[in-house]
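2 protein chains.
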Amino acid sequence: MRARDLVADYPVVTLDTPVLEAARLMAEQDLPGIIVRGDDQLTILPGTETLRLAVPRYIMDDPALSRVVDEGHADRFLGSLGNRTVREALPQERRELPVTDPDATVVELAALMARTRSPLVAIVEQGRLLGAVTLQALLDRMLET
Amino acid sequence: MRARDLVADYPVVTLDTPVLEAARLMAEQDLPGIIVRGDDQLTILPGTETLRLAVPRYIMDDPALSRVVDEGHADRFLGSLGNRTVREALPQERRELPVTDPDATVVELAALMARTRSPLVAIVEQGRLLGAVTLQALLDRMLET
Chain A
1107 MRARDLVADY PVVTLDTPVL EAARLMAEQD LPGIIVRGDD QLTILPGTET
1157 LRLAVPRYIM DDPALSRVVD EGHADRFLGS LGNRTVREAL PQERRELPVT
1207 DPDATVVELA ALMARTRSPL VAIVEQGRLL GAVTLQALLD RMLET
Chain B
1107 MRARDLVADY PVVTLDTPVL EAARLMAEQD LPGIIVRGDD QLTILPGTET
1157 LRLAVPRYIM DDPALSRVVD EGHADRFLGS LGNRTVREAL PQERRELPVT
1207 DPDATVVELA ALMARTRSPL VAIVEQGRLL GAVTLQALLD RMLET
């Protein structure tokens, strides 16, 4: 079994998509992350990163500080995302991207997910995006659930 | 809104649960990870870590090497999990755990998910596990999808 047997259509956003729209897409379709079409390569915005922009720096450093923040404000904290874009939400550090080609084996997909900690691998063939393989799809096929 | 308003029942395994059983639970219930009751604390086994034990070290280091592995073997790679346990599958490095108490605000939950890269936060009150808040539940409530 290869990635081409497991790949499925997957939503794609651009660097200029509002991060709130990306978050909405993930919430509605129950996605663990989203594929981002960059200027010259694909990347992945992990679900856990979508809300990061809405969290003030001092709370990111010490979450317990949010206890002292006015609770009404906390409930509206997504408002602070405004029109900020996926470009701003993407992790800054250079990292290995969970992107491979349709010939990847299931072991290779599992290794890529474990190493990049991404439950989502984009499958690209000669520069063309075919879709993604999710951890869920991989587990379902391997365990035949 | 606080963690106590978002927390929901969540499956828990022990350190001695076979990792294959944990993987099956995640696949069947579409979970991003699972809560593990440890000897003296709770921890989280991220979904992306479940398959790591089944991946030979040389492929983990260089996934492309899996291309040269016999494909039939690759398809049966989960078999190599045998009776290996959740204890063996847990990440070795010490890391901040995505665990907090029911008074955590939504901003605090978001910060914890972003910092630990976990789409799952366990909620504990005075040593008792109440359940978990998932990124999905948090997004759903914040975006009212």
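Protein sequences, first through last, are from chains A and B. Residue numbers for the first sequence follow the numbering used here, beginning at 1107 and rising by one. Residue numbers for the second sequence follow the numbering used here, beginning at 1107 and rising by one. Where is the CB? At the ideal position from N, CA and C, for every residue including glycine. Just so you know, these numbers come straight off a predicted model, no measurement behind them.
- Within the same chain, THR1222 come within 6 angstroms of GLU1202(A) by CB-CB distance, once the 5 residues on both sides are set aside.
- For PRO1208(B), same chain residues with a beta-carbon under 7 angstroms away, outside a window of 5 residues either side, are ARG1108, ALA1109, ARG1110, VAL1113, ILE1229, GLU1231, LEU1236 in chain order.
- Setting aside the 5 residues that flank it on each side, TYR1164(A) is surrounded in the same chain by LEU1171, each with a C-beta closer than 8 angstroms to its C-beta; the list follows chain order.
- Between the alpha carbons of VAL1212(B) and LEU1244(B) lies a distance of about 8 angstroms.
- If you look at LEU1148(A), you'll find it in the beta strand (DSSP E) that goes 1148 to 1152.
- With contacts defined as CB atoms closer than 7 angstroms, GLY1144(B) and LEU1121(B) qualify as a contacting pair.
- DSSP, read as helix, strand or coil, puts GLY1185(A) in helix.
- Per DSSP, ALA1238(B) is one residue of the beta strand (DSSP E) stretching across 1234 to 1240.
- Look at LEU1241(A): its C-beta is under 7 angstroms from a C-beta on chain B.
- The beta carbon of THR1211(B) sits closer than 7 angstroms to some beta carbon of chain A.
- Apart from sequence neighbours up to five positions away, no residue of its chain approaches THR1154(A) with a beta-carbon distance below 6 angstroms.
- Chain A places a beta carbon closer than 7 angstroms to that of ILE1165(B), counting this residue as a contact.
- When the beta-carbon positions are compared, VAL1192(A) and LEU1157(A) stay at least 7 angstroms from each other.
- Residue pairing by DSSP leaves ILE1165(B) without any beta bridge partner.
- In this structure, the alpha-carbon of ARG1130(B) lies about 11 angstroms from that of ILE1140(B).
- Closest by C-alpha distance to LEU1241(B), out of GLN1135(A), ALA1220(A), VAL1239(A), is GLN1135(A).
- Ranked by Cα distance from LEU1159(B), the options ARG1173(B), ASN1189(B), GLN1147(B) are led by ASN1189(B).
- For THR1120(B), no alpha helix (DSSP H) segment is defined; the enclosing uninterrupted segment is the beta strand (DSSP E) at 1118 to 1120.
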